[in-house]
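A.B. asks: This is the structure I have questions about; it appears just below.
Chains as they are written, first to last, in full-length UniProt numbering: chain A, 1 to 462; chain B, 1 to 462.
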C-alpha cells in the first residue's frame, strides 16, 4: 500500500524518535475538544525543528500521504481530527521561545508553544500578549494562528492575525515560505502570513512566528451594567468607544435569559445588581494611569446612568470584585453540569443587527421547541455572539435541525457562521451560508495551487 | 489581431460611454506619480458598477486582453502604468458612498471614492477614518486597498488592511468574490480580503468595500523633542507606548541631517529648539478628554526630560504650533525645489535595527559619494524609514547604484524593500532582497490559480 510505504519512508528518514507507530504512542489524545469522532493516525510525527517538518511534508507529498497538523487539540470544530488514513503531525516538541526583542517589542516562538507560556514570558519581560481564551493552558500559538483565534480582548487588540509580524511555514512540497520578519509594515508582494492565518492547516504547516508584544496595562476599570433594551446596549458601546480614551478592552453582553439561567444553576455566582434587567454588559477598560483612568471611567459611567442608557451599574471595587463579574461571563465552562447535551453556535453579524438577528433566532427556536433553554451572550464590540440551545430530551450530535435554524438566520443577515472557531468538519456543510460559490471556488483554486496533491488536512473547510 | 477583437467586443458589449478609444479620452492622465514611463492604453474602460467590471473582465479573459486597473494614479512604483498592450480599467465613475452605518461604525463605499471624501464623510457622521497620506485628495480607496496604504497614523490605527471589514472584488474570469460584510470577526474559510489587499491589481479588481470607522479623537497633544542618540529614540518610543494610555498616534523620527537640510533650504520652516541635537522626534498622542489628556502628556514629557531620554522639548501650545512641527516633517513635499533629482527609498526593519541599518546605509553611500545629500526620517513606531539620496550631477532615472546599496543593506538586516509603497515595476527586480524564491513561487502559484491567463496587471510585482 502507498500509505504503508509513506509511513516506512518517514520512519527511515526521520527515525523512530520522531515517527511513532500506533502502539508506540500509548493512549495519547489525538482528537480535539469538538466531541466529533476521530481515528487513530497511521503514524504520529513529532518533528523537532522546521527542517524535520519540511522533510516530513516532502515525503508525504511524494507518497500522497495525507497529513493532519495538530497543536494543543483544543479546537471546537474537528479541524484537527483524523479520518484514519492520515499521519498526525504534532508540533508539541517545537515549543521554545526563540527570542524576546524588548526594543522592537517582539517575541519569536516555535508553533507548538502554549499560549499561556507566551503570555507569561511576555509579562516577565514587561510586556503584554493580549490574545486570551479559556484553553490558554493547552492551546498552541500554531493552532491560534491556524484558526485565527479571537477571545475577549479582540475589541481592543484584534484577533490572532493582528498579533503576528512574521510567520514561517512549510508548504506541502516541503518548501519553507515566509520568515521571521519583525517589520510592522511590509508591502513586498502578497502577504502569505494573512493567507495562512485562519486556513486551518489546509495550506501549510506553521512552524515559527514573530509575535507582536504590547505595553502592559497597569490600570483596569470594570463595571457590570443593567440596560433597558438592545438599542441602549449599542449606544453604550458607541459612547464607551468614543468616550473612554484608552479604549474599551471588553464589552461582553448577556441577554437576561443567559444571566438568569446561569445564576439559577451555579451556586457560586451572585447577581451583581438588585433588580432584573433585559440586558447586562460587562464593561472593561484598561489603561496605564490608575488615578486618571479610574476617575474618567467613573465619570463616564455616571453620565450613562444620568442619561438612562444604563439603568443600574456596579463598579468593581477590587480585582476580586471584577473577577466575580467575569465568573458570570465565564459560566459556559460549567455547561456540562446542567446542559450537557446543548448545541453551541459562534456567529457574527454587523453590530447594528446583532439584536434583531438574535431575536429572530430565538423566536424561531422557541416556536419549534417551546421548552428549550436558549442562552445568548457574546463580544458585542466584534459583532460576535454565542447562541446556546438545549432542547430537553434531544441528544448531543443530533442538532441538525437547530443548526439549520441558526445558520439560516445567519445567512439572511449576511452574518458569519464562524466568528472565531473556524469551519473544520463541523461547519463545512454550512460554509455556503456565509460564502458564495465563487468564494469557495477561489479557495479551492488557492488550495490546489499551494497543495496540488491535497495532502494537507483533507476534508476540512470544504 | 486578438487585442483589436477584444477591444471591439468590449465596446460592443459595454458601449462607447464606458469603453473609450485613444483619441476619445483626450489628454487625460493615464500614468502614476512614479515618473516611470507609461504608454497609451488600447482603450479606457470606465465601468459604472460591479456588473460592468465583471462583464469587462470576462471579455478581457476571453480575448486574452491584459488589464491595468487604475484608481487615483498617485502610486510611486509604476504599479498602474501601462506597457501599451493593455486596456486601462478606471474605477473613477464608481465613487459613491453607499451607506454609513452609525451603529455598526462602518462606511460602505465604491472603490473609486477618493480617500479625502471618505475622511470628510466619516467626520460629518461623527466618526474618524484614520488612514491618511499626502495624496488624500486624489488617491482612491480601491488604490489604498490594492497597495495596502500606510501613512502617519499606522502606529495607532494600522494600515489600510486594518480599516476594511468587507471587500467585494471581481476576478479575471468575471466572478464576483467577497462581499459587503460588516463583521469584525469572520473565520469562515480563507480570508480573500487580506490576500487581495496589497496585491497591486494582479489578482482581482476591487470594486466595493466596507470600511471600519473609529471614534473621533477630541484631544491632541504634540511635542517636538531633541534626543542625544538612537538608543534614546527607541527608549522614548517604548516608554511613550507604555506610558501614554490612549497610545501614540504619531512617532516621527528625523535624523539631524534631514532636519538641518530642510531648514536650510525652506525659508518657511523654523527650528523648534534652540540648540542642535542628533535626533528629533515629533510625538503625538490623541485622546478624548482634553484636560486629563494634556496633563498626562505634559507629565510624561517632564519625566522624559528629567531622565535625560529627551534632551530638550517643545510642547505645542496651539494647533498652529503643532502644524509648524508637522511642516518640518512634511518637507519632502518640497524636495522638487532643492533636490529634484533625488532617489527615494521606503524601507522597513525591526525597530531595534533601524538605527544600525540607517547608519550602515549612510556609511556606504558616503564612502561612494562623499558629497551626497543623505536624508533619513520616518515612522519609527512601524520600523519604517525613508532614505533620500541626492548625488550632485547624477540624473534622475540613473539611480541603480544607489538602489543596490540601499537594498543590499535591507537584505542584510532582513528588512523590507517596500514598507508602504508596494513593488509595482520600480522594485520588482529587487523583490528577492526581501522575499525568498519559495515565497515568489507561491505568489506565482496563487496568481496562476486566480488569474490563469495572466490578464491582470501583467509585469507588476514579479
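Note that CB positions come from ideal geometry on N, CA and C, so glycine has one too.
In the region 126-198 of chain A, which residue ranges form an unbroken alpha helix (DSSP H) of at least 4 residues, counting only runs that do not cross its ends?
C.D. replies: Qualifying alpha helix (DSSP H) stretches, in chain order: 141-146, 154-157, 192-196.
A.B. asks: Using a Cβ-Cβ cut-off of less than 7 Å, give me the residues of the region 331-357 of chain B that come near chain A, in sequence order.
C.D. replies: Listed by position along the chain: 348, 349, 350, 351, 352.
A.B. asks: Going residue by residue through the region 32-78 of chain B, where are the continuous alpha helix (DSSP H) segments of at least 4 residues, counting only ones entirely within it?
C.D. replies: Listed in chain order, they are 50-62.
A.B. asks: Take residue 375 of chain B as the anchor and find which of B/353, B/393, B/342, B/115 has the nearest alpha-carbon.
C.D. replies: The candidate whose alpha carbon is nearest that of residue 375 of chain B is B/342.
A.B. asks: Given that residue 241 of chain B touches chain A, what residues does it touch there, using C-beta distances under 7 Å?
C.D. replies: Going along chain A in sequence order, the residues near residue 241 of chain B (Cβ under 7 Å) are 215.
A.B. asks: What residues match up with residue 20 of chain B in a beta bridge as DSSP calls it?
C.D. replies: Paired residue(s): B/44.
A.B. asks: Between the C-alpha atoms of residue 38 of chain A and residue 84 of chain A, what's the straight-line distance to the nearest angstrom?
C.D. replies: Cα to Cα, residue 38 of chain A sits roughly 8 Å from residue 84 of chain A.
A.B. asks: Is it right to say residue 401 of chain A is buried, meaning 16 or more other beta carbons lie within 10 angstroms of its own, or is it exposed?
C.D. replies: The residue is exposed, with fewer than 16 neighbouring Cβ atoms inside 10 Å.
A.B. asks: Find the residues of chain A that neighbour residue 449 of chain B, judging by a C-beta separation of less than 7 Å, and give them in chain order.
C.D. replies: Those within 7 Å of residue 449 of chain B in chain A are 445, 446, 448, 449.
A.B. asks: For a test of the three-state rule: what should DSSP assign to residue 389 of chain A, helix, strand or coil?
C.D. replies: Three-state DSSP puts residue 389 of chain A in a strand.
A.B. asks: Express the C-alpha separation of residue 134 of chain B and residue 232 of chain B in angstroms, rounding to a whole number.
C.D. replies: Cα to Cα, the separation comes out at about 29 Å.
A.B. asks: Please list, in chain order, the chain A residues whose beta carbon lies closer than 8 Å to that of residue 383 of chain B.
C.D. replies: 104, 182, 183, 184, 185, listed in chain order.
A.B. asks: Could you compute how far the alpha carbon of residue 328 of chain A sits from the alpha carbon of residue 155 of chain A?
C.D. replies: Roughly 20 Å between the two C-alpha positions.
A.B. asks: Residues of chain B with CB closer than 8 Å to the CB of residue 177 of chain A, please, in chain order.
C.D. replies: By Cβ distance, chain B contributes 436, 438, 439, 442.
A.B. asks: Write down every uninterrupted run of the beta strand (DSSP E) in the region 261-296 of chain A whose length is 3 residues or greater and which is fully enclosed by it, in chain order.
C.D. replies: Whole beta strand (DSSP E) segments, 3+ residues: 279-287.
A.B. asks: Looking at C-alpha atoms only, which residue of B/380, B/457, B/370 is the closest neighbour of residue 389 of chain B?
C.D. replies: Closest by alpha carbon: B/370.
A.B. asks: Which same chain residues, not among the five before or five after residue 76 of chain A, have their C-beta less than 7 Å away from its C-beta?
C.D. replies: Cβ within range, chain order: 33, 34, 421.
A.B. asks: Compare the C-beta of residue 190 of chain B with all C-beta atoms of chain A and state if any pair is closer than 7 Å.
C.D. replies: It does: the Cβ of residue 190 of chain B has a partner Cβ on chain A nearer than 7 Å.
A.B. asks: Taking C-beta pairs closer than 8 Å, name the residues in chain B that residue 153 of chain A reaches, listed in chain order.
C.D. replies: Going along chain B, no residue has its Cβ under 8 Å from residue 153 of chain A, so there is no contact; the nearest lies around 12 Å.
A.B. asks: So, does the CB of residue 395 of chain A fall closer than 7 Å to a CB anywhere in chain B?
C.D. replies: Closer than 7 Å: no.
A.B. asks: So which of B/436, B/394, B/446, B/461 has the shortest CA-CA distance to residue 423 of chain B?
C.D. replies: Of the listed residues, the one whose Cα sits closest to residue 423 of chain B is B/461.
A.B. asks: Assign residue 397 of chain B to one of three DSSP states: helix, strand, or coil.
C.D. replies: In the structure shown, residue 397 of chain B sits in coil (DSSP, three-state: anything other than H, G, I, E or B).
A.B. asks: Pick from B/459, B/322, B/436: whose alpha carbon is nearest that of residue 284 of chain B?
C.D. replies: Nearest C-alpha to residue 284 of chain B: B/322.
A.B. asks: Suppose the cutoff is 7 Å on Cβ atoms and the five residues either side in sequence are ignored; what does the same chain contact list for residue 314 of chain B look like?
C.D. replies: Taken in chain order, the residues that qualify are 223, 224, 272, 273.
A.B. asks: Would residue 192 of chain B pass as a contact of residue 178 of chain B if the rule is Cβ separation under 7 Å?
C.D. replies: In this structure, residue 178 of chain B lies closer than 7 Å to residue 192 of chain B by Cβ.
A.B. asks: Tell me which same chain residues have a C-beta within less than 7 Å of the C-beta of residue 287 of chain B, skipping the five on either side of it?
C.D. replies: Closer than 7 Å at Cβ, skipping near neighbours: 217, 219, 246, 293.
A.B. asks: Of all the alpha helix (DSSP H) runs that stay within the bounds of the region 286-351 of chain B, which reach a length of 4 or more residues?
C.D. replies: Segments of the alpha helix (DSSP H) lying fully in the region 286-351 of chain B: 290-306, 319-329, 335-338.
A.B. asks: Write down the C-beta distance between residue 383 of chain A and residue 253 of chain A rounded to the nearest angstrom, noting that I regard them as a contact closer than 8 Å.
C.D. replies: Contact doesn't hold; Cβ gap of about 11 Å is too wide.
A.B. asks: Could you run through the region 236-261 of chain B and flag, in chain order, every residue whose CB is less than 8 Å away from some CB of chain A?
C.D. replies: Within the region 236-261 of chain B, the residues whose Cβ lies closer than 8 Å to some Cβ of chain A are 238, 241, 242, 243, 244, 245, 246, 247, listed in chain order.
A.B. asks: Check each candidate in A/44, A/418, A/317, A/100 and name the one with the smallest Cα separation from residue 7 of chain A.
C.D. replies: Here the closest residue by C-alpha is A/44.
A.B. asks: Given that a residue counts as buried once 16 or more other Cβ atoms are within 10 Å of its Cβ, and exposed if not, what is residue 17 of chain A?
C.D. replies: That one is exposed.
A.B. asks: Classify residue 378 of chain A as helix, strand or coil using the three-state DSSP reduction.
C.D. replies: The answer is strand: DSSP assigns residue 378 of chain A an E or B state.
A.B. asks: How many whole angstroms separate the CB atoms of residue 5 of chain B and residue 41 of chain B, which I take to be in contact at a CB cut-off of 8 Å?
C.D. replies: No, residue 5 of chain B and residue 41 of chain B are not in contact; Cβ-Cβ is about 16 Å, not under 8 Å.
A.B. asks: Can you look up residue 249 of chain A in the DSSP assignment and give me helix, strand or coil?
C.D. replies: Residue 249 of chain A: coil per DSSP, three-state reduction.
A.B. asks: Shortest alpha-carbon distance to residue 114 of chain B belongs to which of B/226, B/444, B/131, B/104?
C.D. replies: Comparing Cα positions, the closest option is B/131.
A.B. asks: By the 10 Å Cβ neighbour count, where 16 or more other Cβ atoms means buried, how is residue 182 of chain A classified, buried or exposed?
C.D. replies: Buried, since its Cβ has 16 or more Cβ neighbours within 10 Å.
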